[in-house]
Structure formats: C-alpha cells, structure tokens
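Here's the structure, in structure tokens; my notes come after.
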Amino acid sequence: MEPQTKAMPETASQTAGPYVHIGLAPTAAGFGIYDTEIGKDIAGPMAGGERIRVEGVVRDGNGEPVRDVLIEVWQPNADGKFAHTDKVEQGFRGWGRVISDFDTGEWGFATIRPGAVGQGAPHLCLWVVARGINIGLHTRVYFDDLVEANATDPVLNMIDPPAHRQTLIARRTEQGSQPVYRFDIRLQGDSETVFFDI
Amino acid sequence: MTAKAPPHPPLYPRDWSRQPPALTPGYRTTRARSPRRRLIRLPDTPGALTGPLFSPEDIGVDDWDLLTNFAAPGQSAIGPRMIVHGRVLDENARPVPGTLIECWQANAGGRYRHKADTYLAAIDPNFGGCGRTLTDQDGRYQFRTVRPGPYPWPNGPNTWRPAHIHFSVFGHSFAQRLITQCYFEGDPFIPLCAIVGAIPDPGAAEALTALLDLDATIPHDTVAYRFDIILRGRRATCFENRPEGT
Numbered sequence: 001m002e003p004q005t006k007a008m009p010e011t012a013s014q015t016a017g018p019y020v021h022i023g024l025a026p027t028a029a030g031f032g033i034y035d036t037e038i039g040k041d042i043a044g045p046m047a048g049g050e051r052i053r054v055e056g057v058v059r060d061g062n063g064e065p066v067r068d069v070l071i072e073v074w075q076p077n078a079d080g081k082f083a084h085t086d087k088v089e090q091g092f093r094g095w096g097r098v099i100s101d102f103d104t105g106e107w108g109f110a111t112i113r114p115g116a117v118g119q120g121a122p123h124l125c126l127w128v129v130a131r132g133i134n135i136g137l138h139t140r141v142y143f144d145d146l147v148e149a150n151a152t153d154p155v156l157n158m159i160d161p162p163a164h165r166q167t168l169i170a171r172r173t174e175q176g177s178q179p180v181y182r183f184d185i186r187l188q189g190d191s192e193t194v195f196f197d198i
Numbered sequence: 001m002t003a004k005a006p007p008h009p010p011l012y013p014r015d016w017s018r019q020p021p022a023l024t025p026g027y028r029t030t031r032a033r034s035p036r037r038r039l040i041r042l043p044d045t046p047g048a049l050t051g052p053l054f055s056p057e058d059i060g061v062d063d064w065d066l067l068t069n070f071a072a073p074g075q076s077a078i079g080p081r082m083i084v085h086g087r088v089l090d091e092n093a094r095p096v097p098g099t100l101i102e103c104w105q106a107n108a109g110g111r112y113r114h115k116a117d118t119y120l121a122a123i124d125p126n127f128g129g130c131g132r133t134l135t136d137q138d139g140r141y142q143f144r145t146v147r148p149g150p151y152p153w154p155n156g157p158n159t160w161r162p163a164h165i166h167f168s169v170f171g172h173s174f175a176q177r178l179i180t181q182c183y184f185e186g187d188p189f190i191p192l193c194a195i196v197g198a199i200p201d202p203g204a205a206e207a208l209t210a211l212l213d214l215d216a217t218i219p220h221d222t223v224a225y226r227f228d229i230i231l232r233g234r235r236a237t238c239f240e241n242r243p244e245g246t
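Keeping their order, the protein sequence lines are chains A and B.
Take 1 as the starting number for the first sequence in my numbering and just add one per residue.
Take 1 as the starting number for the second sequence in my numbering and just add one per residue.
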C-alpha cells in the first residue's frame with residue numbers, strides 16, 4: 001500500500017549558530033581534526049564543461065555583511081546530470097560548501113557551469129545557514145549571460161513581481177577565459193533575495 | 001502492480017507549523033537576518049529531490065568518537081562521558097541508511113574551540129568538539145562524547161544556552177537537508193532559551209530533547225542519551241519495503 005499520511009513529523013530546524021565552522025569547516029574554526037574536510041571541491045578535476053567562479057556577500061536588513069554564513073551548493077554537471085543516480089565524471093560531486101571571510105563576509109567558490117535540466121535554465125541550488133537564520137534558506141543562482149534560457153525558465157517565470165527575478169541572476173564580472181559571477185544575497189529589504197520552499 | 005517508481009520520488013511538502021518561522025524577535029539576531037517575503041513553493045524538481053551521497057571513504061573511522069578524535073594518544077576529553085545515539089528516519093518511519101551526520105558542540109565547560117568564542121571557561125586541549133558518521137542499514141548512528149556545558153550568550157542581559165549538540169543531516173534529497181540542535185532531559189535552561197522558543201509547536205520543540213537511555217548506558221563507564229532525527233518522507237511510493245534512499 002502507498003503511504004499517504006505521515007507516520008511522524010519532520011524534526012524541527014534550529015539555527016546553525018556562530019560556531020557552525022567547528023562542525024562543518026573546522027579548519028576555518030582554527031583547528032585541523034579530519035584527514036579530509038568534505039565539500040572543498042564541487043566539480044573535481046575530471047569534470048567537463050566551462051570552469052567558472054561565483055562570488056558574493058550575504059547582507060542583513062541593515063546592509064551589514066553576514067560574516068558567519070555557510071553556504072552549500074548543489075548542481076548537475078555540464079550535461080545536466082546529478083551525482084546521485086546519474087553517471088557523472090569521476091570525482092564530480094556537484095556539492096560543496098563555502099564559508100564567508102570572517103572580516104569582510106565575502107565568499108566565493110570555483111565550479112563548472114551547470115548544464116540545463118529539463119526545461120529549466122542552467123542554475124546552481126544554494127542553501128544558506130547562519131546565526132540568526134532559524135531554518136536554512138534555499139535559493140538559486142542563474143547566469144546573466146544566458147538571457148534566452150532565463151527568459152523561458154519556469155521557476156523564474158513563477159516569481160511575481162518580475163523585478164524580484166533579478167535577485168537570482170548572477171552578474172558576470174570577468175570576461176576572461178574563466179568567467180566570474182557576482183551573486184550577492186540580501187536577507188531583507190527592497191531587493192530581498194527570492195527564497196524557495198522546495 | 002507493475003508501476004515503475006519515478007527516478008526521484010517526491011517528498012511530502014514541509015509542515016511549516018512544526019518549523020520555526022524566520023522572524024522570532026525573542027531571538028534577537030533573527031530581526032535583521034529574517035527574510036520578510038513569503039517563500040515561493042516550487043514544484044518537484046530534480047535539484048531538490050536529488051542530493052549529495054557520501055560513503056565511508058569520505059570520513060575517518062574514528063571521527064564518531066569526540067572523546068578521542070582530537071585527544072593526544074592515551075588521553076581523553078574532560079567531562080561526563082556520554083553516548084548520544086538514535087536513528088534517522090523519514091516521515092514514513094522508514095530508516096534513512098548511509099546518510100552523513102555531522103555534529104559539533106562546546107566542551108564540558110561550555111567553551112567552543114573556535115576563534116570567535118571568548119567565553120572564559122577553559123579550552124580542553126584534548127577536545128575538538130566535532131564528529132561525523134554515516135547511519136547504518138537501520139538508520140542508526142552513535143557518537144561518543146562528553147556532555148557539553150551550558151554557556152552565556154548575548155541575547156539579553158543574562159541569557160544562557162542549554163547544553164546542546166548541533167546536528168547536521170543530509171538524507172538523500174537536498175530538500176531533506178537539516179540542521180538542528182539536541183538538548184538533554186532535565187536541563188532547566190531549555191524552557192528559558194529563545195532559540196528553542198523559536199519553535200512554535202511545543203511538541204516539535206520537545207522532540208529536540210534527548211532522553212536518558214538507561215538500557216544503552218555502559219555500566220561503570222558511560223551514560224547514554226537517545227536522539228532520533230526525522231527527515232521529510234517520500235510521498236506515495238509503490239515500493240513500501242524499500243528503505244529510503246535505495
């Protein structure tokens with residue numbers, strides 16, 4: 001029989017707090033403990049596709065950088081395949097985590113440009129946690145140089161008013177051989193980033 | 001019944017009545033860090049229903065033991081020796097096997113090993129304060145550690161966090177990703193804490209309190225507490241007996 005009602009409820013979320021680094025990025029907390037810290041390399045050396053970099057800062061409602069944020073990335077490879085049940089390049093995980101600089105709040109990671117999945121425009125999935133965030137925030141990073149794909153993306157087109165869609169579009173800042181995209185996240189205010197219930 | 005299971009079965013929608021809202025003014029830091037617009041509910045997408053998978057090669061065999069994973073050879077962390085164990089299940093009460101759990105905590109004095117923690121309680125040279133493990137086929141996990149101490153935090157003039165351990169769990173879908181905190185039965189700071197109080201549903205908050213598990217206690221050695229973690233479950237799958245994630 002198919003279960004249609006829940007047997008038990010999901011555990012409640014609690015903030016990751018200011019010391020999230022101890023558990024998820026101990027080197028940043030100031031000590032080495034594990035032989036390998038996971039999440040440092042999203043794509044791996046064997047992945048096909050264009051190498052890109054994404055950078056940004058998370059700002060709170062006062063415009064202050066969130067200096068203790070941790071962001072996780074989840075994405076498909078250049079062919080739109082997830083390292084889950086699909087076959088992908090050896091070493092391609094499609095997942096990683098990054099923390100902000102403790103002084104400036106700036107963060108950045110290197111990866112490969114994701115491929116399109118189904119009808120959607122290429123994008124990265126992000127999950128944002130920090131002190132003062134009671135439950136992790138899901139958002140997406142689209143790319144401003146994929147104008148046509150973005151224009152027909154079903155998720156972007158769900159967002160109303162349309163002006164809010166711009167909060168999910170990363171801006172290309174480096175036109176060289178390795179594109180760099182800027183993606184600032186705003187937790188509050190007129191340009192509050194769109195967050196999803198996925 | 002020969003229906004083929006979809007490649008990534010959908011999850012039950014998240015029950016937001018059991019989750020803390022973004023803005024809980026009693027927890028002061030949420031005031032400037034809480035999005036004010038409604039979340040946009042997405043239809044099921046591969047990016048939400050898939051997620052990173054981990055294997056024993058990703059972690060060390062001793063990472064689960066906080067008593068010794070940072071200690072000098074032959075040494076051990078200081079404090080009440082404690083096992084925290086339980087199961088990771090989904091909302092259909094099915095085990096979630098092979099999923100990564102990471103934990104972190106203050107030492108027995110309430111001090112974190114972190115650049116930013118300046119509390120005057122002493123650092124324990126033999127305690128790092130983090131661990132990680134994978135659940136077994138029945139969704140079971142175990143950490144050995146010391147009981148963390150309560151500590152003051154700057155939410156008000158005299159505010160203290162109850163003793164707690166932070167837990168990070170993946171499940172098999174990015175939409176199941178969860179970070180929470182485990183508290184311990186009988187701690188008088190639990191009902192006073194604004195972070196616990198961010199959860200509107202009393203039952204949902206109470207479920208974060210680990211109970212003494214005398215049966216799992218090792219006599220003359222280590223006390224044990226039980227903490228189960230429930231992740232979002234798959235909706236209407238035809239393969240009832242399949243464990244979650246296979």
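Idealized CB from N, CA, C, for every residue including glycine.
Neighbouring residues, chain A, relative to residue i (Cβ below 9 Å)
i: Arg18(B); result: Pro9, Glu10, Thr11 and Ala12
i: Phe174(B); result: Glu72, Trp74, Trp95, Cys125, Trp127, His138 and Ile198
i: Gly231(B); result: The sequence as given places Leu at residue 231(B); Gly does not occur at that position. Ordered by position in chain A, the residues that pass the 9 Å Cβ test against Leu231(B) are Glu10 and Thr11.
For residue i, the three-state DSSP class (helix, strand or coil)
i: Phe54(B); result: coil
i: Asp201(B); result: coil
i: Ala108(B); result: coil
i: Glu50(A); result: coil
i: Trp64(B); result: coil
i: Phe174(B); result: helix
i: Leu23(B); result: coil
i: Ser34(B); result: coil
i: Ile257(B); result: Past the edges of chain B, shown from 1 to 246, lies residue 257(B), and the structure says nothing about it.
i: Thr27(A); result: helix
i: Asp213(B); result: coil
i: Thr85(A); result: coil
Exposed unless 16 or more other CB atoms sit within 10 angstroms - verdict on residue i
i: Lys87(A); result: exposed
i: Gly118(A); result: exposed
i: His166(B); result: buried
i: Val147(A); result: exposed
i: His84(A); result: buried
i: His220(B); result: exposed
i: Phe143(A); result: buried
i: Phe102(A); result: exposed
i: Ala30(B); result: Correcting the residue identity first, residue 30(B) is Thr in this sequence and not Ala. That one is buried.
i: Gln178(A); result: exposed
i: Lys81(A); result: buried
i: Trp16(B); result: exposed
i: Met46(A); result: exposed
i: Asn204(A); result: For chain A, the structure presents residues 1 to 198; residue 204(A) sits outside this window and is missing.
i: Ile218(B); result: exposed
i: Asn77(A); result: buried
i: Gly74(B); result: exposed
i: Ala7(A); result: exposed
i: Ser34(B); result: buried
i: Asp160(A); result: exposed
i: Pro7(B); result: exposed
i: Gln188(A); result: buried
Proximal residues of chain B, C-beta to C-beta of residue i below 7 Å
i: Arg93(A); result: Pro52
i: Lys87(A); result: Ordered by position in chain B, no residue passes the 7 Å Cβ test against Lys87(A), which lies about 13 Å from the chain.
i: Leu24(A); result: Glu102 and Ser168
i: Pro18(A); result: Ala116
Listed by chain order, chain A residues near residue i by CB distance under 7 Å
i: Gln268(B); result: Outside the shown range of chain B (1 to 246) lies residue 268(B), about which nothing can therefore be said.
i: Tyr12(B); result: Lys6
i: Leu178(B); result: Thr11 and Ser13
Contacts of residue i in chain B (Cβ-Cβ under 8 Å)
i: Val141(A); result: None at all; the shortest Cβ gap to chain B is about 11 Å.
i: Glu174(A); result: Per Cβ cutoff of 8 Å: no residues; Glu174(A) is ~26 Å from chain B at best.
Chain-ordered chain B contacts of residue i [CB-CB under 9 Å]
i: Asn77(A); result: The premise fails here: Asn77(A) is roughly 12 Å from chain B at the closest Cβ pair, so nothing lies under 9 Å.
i: Ala130(A); result: Thr29 and Arg33
Per-residue contacts from residue i into chain A (C-beta, under 8 Å)
i: Pro262(B); result: Residue 262(B) falls outside the range modelled here, since chain B spans only 1 to 246, and no answer is possible.
Is there contact here, the segment 10-21 of chain A with the segment 137-144 of chain A, by at least three beta-carbon pairs under 8 Å?
-> no
Could you list the residues in the segment 103-121 of chain B with a C-beta less than 9 Å from some C-beta on chain A, going in chain order?
-> Cys103, Trp104, Gln105, Ala106, Tyr112, Arg113, His114, Lys115, Ala116 and Asp117
Mind checking the segment 90-102 of chain B against chain A and listing, in chain order, the residues whose C-beta falls within less than 9 Å of any C-beta there?
-> Asp90, Glu91, Asn92, Ala93, Arg94, Leu100 and Glu102
Short-range partners of chain B found in the segment 47-65 of chain A, where Cβ spacing is below 8 Å = Asp60, Gly61, Asn62 and Glu64
Which residues, taken in chain order from the segment 178-189 of chain A, show a beta carbon closer than 7 Å to some beta carbon of chain B?
-> Leu187 and Gln188
At a Cβ cut of 9 Å, what residues of the segment 18-41 of chain B count as close to chain D, listed as they run along the chain?
-> In the displayed structure, chain D is absent; the protein chains listed are A and B.
Under 8 Å (Cβ pairs) to chain A, residues found in the segment 56-88 of chain B | Asp58, Ile59, Gly60, Asp63, Asn69 and Phe70
At least three beta-carbon pairs within less than 8 Å, the segment 223-237 of chain B to the segment 177-194 of chain B = yes
What residues in the segment 148-167 of chain B bring their beta carbon closer than 7 Å to a beta carbon of chain A?
-> Taking 7 Å as the Cβ-Cβ cut-off against chain A, the residues of the segment 148-167 of chain B that qualify are His166.
Is the segment 186-203 of chain B close to the segment 17-24 of chain B, with three or more CB pairs under 8 Å?
-> Flag = yes, the segment 186-203 of chain B and the segment 17-24 of chain B touch.
Does the segment 97-109 of chain B come close enough to the segment 141-152 of chain B that 3 or more CB-CB pairs lie under 8 Å?
-> yes
Using a beta-carbon distance cut-off of less than 7 Å, what residues from the segment 146-166 of chain A approach chain B?
-> Val155, Met158 and Ile159
Taking 8 Å as the threshold, find out whether the segment 90-101 of chain B comes into contact with the segment 67-78 of chain B through three or more Cβ pairs.
-> no
At least three beta-carbon pairs within less than 8 Å, the segment 32-47 of chain A to the segment 117-124 of chain B | As far as the Cβ criterion goes, the segment 32-47 of chain A does not touch the segment 117-124 of chain B, which means the pair count is below three.
Please determine if the segment 52-59 of chain A and the segment 91-111 of chain A are in contact, where contact requires at least 3 C-beta pairs separated by less than 8 Å.
-> Yes, since at least three Cβ pairs between the segment 52-59 of chain A and the segment 91-111 of chain A fall closer than 8 Å, the two stretches touch.
Residues from the segment 107-120 of chain A in contact with chain B, defined by Cβ distance under 8 Å | Val117, Gly118 and Gly120
Please confirm if the segment 131-148 of chain B is in contact with the segment 162-177 of chain B, defined as three or more CB-CB distances below 8 Å between the two stretches.
-> A contact exists between the segment 131-148 of chain B and the segment 162-177 of chain B.
Which residues, in chain order, does the segment 201-226 of chain B contribute to contact with chain A at a C-beta distance below 7 Å?
-> Ala204, Ala205, Ala207 and Leu208
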